[in-house]
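K.L.:
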Amino acid sequence: MTRCIAVLGWLTLVLTLGGCAGESDLNWQRIQEQGVLRVGMEANWVPFEYVDGAGQLSGFDVELARMLGERLGLQVQFYPNLSFDGLYDALTAERVDVVISAVVVDMNRSADFAYSVSYFEAGQVLVVKGAGVDEVQDLGGRVLAVELGAAGDTLARRWARRLEGLTLNHTESAQAALDAGATGQADAALMDRASALMALKADPECDLRLSGEPVTDERYAVVTLKENRGLLGAVNDALDDMRRDGTLAQLALKWLGP
Amino acid sequence: MNAWRCHDRVGSHVWGRWLLTLALIYVFGRLAVPRPLVVLDPPQTVVTRNALVGVHTRLTDEVEAWKIQRTLRMVGQMGAPWTVEYFPWPYIEPARGQYAWGHTDQVVAHARNQGVSVVARLGWTPEWAQPETAEIETTLTYLDPSAYDAFARFVATFAARYRGRVDHVIIWNEPNLSFEWGYRPVDPAAYVALLQAVYPLAKAANPDLVILAGALAPTLESPGSLAGLNDLLYLQEMYQAGASPFFDALAAHAYGLQSPPEADPAPDVLNFRRVELLRQIMVTHGDAEKPIYVTEAGWNDHPRWTMAVSPAQRIRYTIGAYEWAKEHWPWCPLVAMWTFRLPAARHNYRDNYTFVTVEFDPKPIYLEVQAYTGGQ
């Protein structure tokens, strides 16, 4: 009797798990059969997704989506007019298969959604001129420029409480913080990596550079429903390949700069 | 002999069960996560350079006492002597005549302890006061005229209980928006009838009570719109319906959107100083002596919301608004920014109205306002 119950329990467990896997494979199977990958985004965020002057959908994420579609053998259908607040709802309502819209991984949402491997690191970075500041600890006794109220400002204030002699130079914008670094009013500027790369690309003569890796973790990833394991696996494999063969690096260079 | 042995066995069996029960209680009690013991601080006084600085807290759905205390402590430490808080009627009177005051008592006690004055927004409709669902499907914001007296009794009961501790109440919220009026066409005359039902009972319960009408939403919706009605027109119609004797002050919402606080008001523009147009209407109708409490206001700094400003602008505009009201609005005792903290992240642009994170980390705007007020 006990053995029967154990066997039944085991069978139930296997069938349940197998059923779940089956459902997610059905989604991936549907996508493959239809040959279309539906991509949701809010095309209002330069340079990741936006509508250019010629009325064309452009940007890092747009090109990334097309590349993913090519590698997965799928045609990409864009839904570019979703509101940022509604991106996750669009997944839940199955209006789109994936969201590729400069979305930062949020583990608080992991109960319902799954994130791919990261395709871009958007965290806060130190931008410096010359030598002297290679990491956070080097900021003691120095001046750090940061946009007032921005995410970096919260971090900078925390550092200022811990690093002796660190002075904050609050600016009205991220560009103003960079200007402070370029003119010597500050020893470094703190901002998100995308803004920093674009600013340096726009003014290669400014003699500023990124000092090391991002100091915060803000990874952009492709988002899908948690049960879409087959799709997620395929996307991850494609992104891994794109990282290995340098495609992701080329994409970042094209849209954001070195 | 056998009887005694039987008695002994039974006795020891009962004692054994008791011992086992006690043992289990002890074990599970040890395993249970201990709740923080929350005691009131020594009575606090808010230090501030601007007595009209306020925030709208959102403790309605915050059940843990330590979070209620910490929120109000941080409000006071920011230099804000005011908070606007929402006390839903369904939460407090879930059945006719039966009251659940525990949560409200906590909020009021901790606010008072921290030296923070509470403006209480009262609204929503409990199920027992809604029309029978067979007749009509209604929402929480649907208050049928047949329930006006019940709502008035609730307001009076609230006023009596907290007399001397909460002396400002807002009657309903944004009645000029359809979805705040039960998804019905807005009806200024009906709202005035509600005020008329509430006012005498509430005043009898607490003669010192300041009854705030309106909490009108700034909107440009024209007459006949399904969404609502322009707040200026709505206020005009309130007066035409005879509102004046039934409120002591007006509550107004003054969101700045993408304009600085000093931007000039105009009937076709939504900005912070639109409140001055409401003021003009009040003066025209002989209510110059009545104050206007700004019970919701603010700017948003979400990087991807089309109506947002930059983080630096949000800080400057917020402080600028507090300062503008102090310098130019002698009839305004309070400007309350929406919203101090949310119990849980919304994962949308609304999170960018807050001053403090869900984890109680003060944002730069909190620190800058604290520096402005001289708060401690």
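For the protein sequence lines, the chains are A and B, in the order given.
First residue of the first sequence: 271, per the working numbering; consecutive thereafter.
First residue of the second sequence: 8, per the working numbering; consecutive thereafter.
Glycine residues also receive a C-beta, built at the ideal position from the N, C-alpha and C atoms.
(1) For the alpha helix (DSSP H) containing V114 of chain B, name the first residue and the last one.
(2) What did DSSP end up calling R357 of chain B once you bin it into helix, strand or coil?
(3) Enumerate in chain order the residues of its own chain whose CB-to-CB distance from A3 of chain B is below 6 Å, with the five nearest sequence positions on each side excluded.
(4) Quick one: does D423 of chain A have its CB under 8 Å from some CB of chain B?
(5) In the DSSP assignment, what are the bridge partners of D462 of chain A?
(6) List, in chain order, every chain B residue whose beta-carbon is nearer than 8 Å to that of R534 of chain A.
(7) So, at 6 Å on beta carbons, what are the nonlocal neighbours of L201 of chain B in its own chain, with the 5 sequence-adjacent residues on each side left out?
(8) Determine whether the Cβ of L418 of chain A lies closer than 8 Å to any Cβ atom of chain B.
(9) Suppose contacts are defined by Cβ-Cβ distances below 8 Å. Is V366 of chain A in contact with A372 of chain A by that definition?
(10) Could you pull out every residue in the same chain whose Cβ sits closer than 7 Å to the Cβ of Y169 of chain B, ignoring the five residues on either side in sequence?
(11) Drop a sphere of 10 angstroms on the beta-carbon of Y33 of chain B, count the other beta-carbons inside from all chains shown, and report buried for 16 or more, exposed for fewer.
(12) Below 9 Å between beta carbons is the criterion; list the residues of the region 301 to 321 of chain A that meet it against any residue of chain B, in chain order.
(13) Going by C-alpha distance, which of A:Y349, A:N498 and A:L480 is nearest P229 of chain A?
(14) By the three-class DSSP mapping on this structure, what secondary structure does V205 of chain B have?
(15) Using DSSP bridges, identify the partner residues of A384 of chain A.
(16) Shorter than 7 Å, the distance from the beta carbon of D194 of chain B to the closest heavy atom of the ligand COA, or not?
(17) Can you tell which of B:D238, B:W306 and B:T28 has the C-alpha that lies nearest to the C-alpha of L264 of chain B?
(18) Just list the residues that DSSP pairs Q105 of chain B with in beta bridges.
(19) Closer than 8 Å by beta-carbon distance: list the chain B residues that pair up with N378 of chain A, in chain order.
(20) If you measure between the beta carbons of R463 of chain A and V398 of chain A, is that distance less than 8 Å?
(21) What is the DSSP secondary structure of R80 of chain B, reduced to helix, strand or coil?
(22) When you compare only the Cα positions, how much space is there between S380 of chain A and V176 of chain B?
(23) Starting from the C-beta of M337 of chain A, find all residues in its chain whose C-beta is less than 7 Å away, skip the five residues before and the five after it, and write them out in chain order.
(24) Going by DSSP, name the residue or residues bridged to F348 of chain A.
(25) Within a Cβ cutoff of 6 Å, which residues of the same chain sit near V374 of chain A, ignoring the five residues on either side of it in sequence?
(26) Going straight from the alpha carbon of P50 of chain B to that of G419 of chain A, what length do you get?
(27) Mind listing, in chain order, the continuous alpha helix (DSSP H) runs of no fewer than 4 residues lying wholly within the region 422 to 462 of chain A?
(28) Taking only the alpha-carbon atoms, compute the straight-line gap between G451 of chain A and R321 of chain B and give it to the nearest angstrom.
(29) Compute the Euclidean distance between the alpha carbons of L438 of chain A and E244 of chain B, then round it to the nearest angstrom.
(30) Taking the beta strand (DSSP E) that V126 of chain B belongs to, which residues open and close that run?
(31) Go to I299 of chain B, then tell me how far its beta strand (DSSP E) extends in each direction, as first and last residue.
(32) Can you tell me where the alpha helix (DSSP H) with E340 of chain A in it begins and where it stops?
(33) Quick one: what's got a C-beta closer than 7 Å to Q383 of chain B's C-beta in the same chain, skipping five residues either side?
(34) State the Cα-Cα distance for the pair P340 of chain B and A324 of chain A, rounded to the nearest angstrom.
(35) For P318 of chain B, return the contacting residues in chain A, with the cut-off set at a CB-CB distance below 9 Å.
(36) What is the DSSP secondary structure of W179 of chain B, counted as helix, strand or coil?
P.N.:
Taking the definition as stated:
(1) In the DSSP assignment, V114 of chain B falls within the unbroken alpha helix (DSSP H) covering G109 to N120.
(2) R357 of chain B: helix per DSSP, three-state reduction.
(3) This structure cannot settle anything about residue 3 of chain B, because the visible part of chain B is limited to 8 through 383.
(4) With its beta carbon less than 8 Å from one in chain B, D423 of chain A belongs to the interface.
(5) Note: D462 of chain A sits in a beta bridge opposite A:Q394.
(6) Residue 534 of chain A falls outside the range modelled here, since chain A spans only 271 to 528, and no answer is possible.
(7) Within its own chain, the residues whose Cβ lies closer than 6 Å to the Cβ of L201 of chain B, once the five positions on either side in sequence are excluded, are Y155, listed in chain order.
(8) By this cut-off, L418 of chain A is an interface position.
(9) Contact annotation: V366 of chain A and A372 of chain A have beta-carbon atoms that are not nearer than 8 Å.
(10) Correct list, in chain order: V115.
(11) With fewer than 16 other beta carbons inside 10 angstroms of its own, Y33 of chain B counts as exposed.
(12) Listed by position, the residues of the region 301 to 321 of chain A near chain B (Cβ gap below 9 Å) are E312, N314 and W315.
(13) Any answer about residue 229 of chain A is impossible in this case: the structure gives chain A only from 271 up to 528.
(14) Reduced to three states, the DSSP call for V205 of chain B is helix.
(15) Answer by DSSP bridge pairing, in chain order: A:T494.
(16) Among the ligands in the structure shown, none appear at all, so the ligand COA cannot be discussed.
(17) For L264 of chain B, the nearest C-alpha among the options comes from B:W306.
(18) Answer by DSSP bridge pairing, in chain order: B:A102.
(19) The answer, in chain order, is A352 and H354.
(20) Against a cut-off of 8 Å, the Cβ pair of V398 of chain A and R463 of chain A comes out as no contact.
(21) Correct three-state label for R80 of chain B: helix.
(22) Going from the Cα of S380 of chain A to the Cα of V176 of chain B covers about 41 Å.
(23) Taking C-beta separations shorter than 7 Å and ignoring five residues to either side along the sequence, the partners of M337 of chain A in its chain run M512 and T517, following chain order.
(24) BP columns for F348 of chain A point to A:V309.
(25) Within the same chain, V374 of chain A has close Cβ partners E488.
(26) Straight across, the Cα-Cα distance linking P50 of chain B with G419 of chain A is about 32 Å.
(27) If only uninterrupted alpha helix (DSSP H) runs of at least 4 residues are considered, those enclosed by the region 422 to 462 of chain A are 444 to 452.
(28) Distance between G451 of chain A and R321 of chain B, taken at the CA atoms: about 24 Å.
(29) Computed Cα separation, rounded: 52 Å.
(30) That run of the beta strand (DSSP E) goes S124 to G130.
(31) Per DSSP, the continuous beta strand (DSSP E) segment holding I299 of chain B begins and ends at I299 to G305.
(32) E340 of chain A -> alpha helix (DSSP H) spans F330 to L342.
(33) Excluding sequence positions up to five before and after Q383 of chain B, its CB lies within less than 7 Å of the CB of V54 and Q84, all in the same chain and listed in chain order.
(34) C-alpha of P340 of chain B to C-alpha of A324 of chain A: approximately 52 Å in a straight line.
(35) Going along chain A in sequence order, the residues near P318 of chain B (Cβ under 9 Å) are E417, L418, G419, A420, A421 and D423.
(36) For W179 of chain B, the secondary structure class from DSSP, reduced to helix, strand or coil, is coil.
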